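Read through the structure below, which is laid out as structure tokens, and then see the notes.
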Amino acid sequence: MINHLKPQSIEAAQAIYQVFQASYKVEAAIIGTDNFPPLSRSVKDISRSKNVFYGYYDESELAGVIEVERLENRLDINSLVVSPEHFRKGIAGKLITYVLTQFDHDEAVVETATANKPAIQLYEKYGFVKFKQWVPDHGVTKTALTRRSNNSSE
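For the sequence shown, this note's numbering gives the first residue as -3, with consecutive numbering after it.
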């Protein structure tokens, strides 16, 4: 089941944080870095976020989280994580599909570490295509992907 999460609640922010930490530790290992900025995000940072969060629940357990931001007609997926105990259950795909259908948008954009091949393959499966690659200050090469909406006139 997918529910809207309200990170302003300390309980929700802590639950989001725990899934972020577990998932991002796996991602940091995949890409081979100890300096992975998402791991430095605190409960306080999450609770102050203006973004929209949705959680996938496996019974009563928060198993996955997607964080999005809507900028005019663009939907930015800022975070997509699944608790390692719930990998390979299709949760990430359900969360992607959910936000793509929940928000009216012309384009959806997501960024991930270039070395995170499983994430790139997942986004490509849902119609995203690579459009940019760069190295930010923290040194982890990133790839940006985009997906045009079926409602888009272009």
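Where a beta carbon is used, it is the ideal one built from N, C-alpha and C, also for glycine.
Keep in mind that this is a model prediction, so the values were computed, not measured.
Item	Value
Limits of the beta strand (DSSP E) - the one that residue 129 falls within	125 to 130
Residue span of the alpha helix (DSSP H) that contains residue 24, given as start and end	6 to 27
Neighbour-count burial assignment, residue 120, 16 or more Cβ in a 10 Å radius	exposed
Range of the contiguous alpha helix (DSSP H) that encloses residue 137	Run containing residue 137: none; DSSP gives neither H nor E here.
Contact set for residue 37: own chain, Cβ-Cβ below 7 Å, skip 5 residues either direction	16
DSSP three-state assignment for residue 82, whether helix, strand or coil	helix
Option nearest residue 9 by Cα separation, candidates 139, 71, 44	44
Assigned exposure category for residue 105 - 16 Cβ within 10 Å defines buried	buried
Chain-order list of residues whose beta-carbon lies under 6 Å from that of residue 73 (same chain, five-residue window excluded)	64, 106
Segments of 3+ residues assigned as beta strand (DSSP E) that fall wholly inside the stretch 39 to 84	48 to 54, 57 to 67, 70 to 78
Cutoff 8 Å; reference residue -2; Cβ partners in own chain excluding five residues on either side	50, 51, 52, 53, 90, 91, 94
Residue 133 - DSSP class collapsed to helix/strand/coil	coil
Residue 69 vs residue 103 beta-carbon contact at 8 Å	yes
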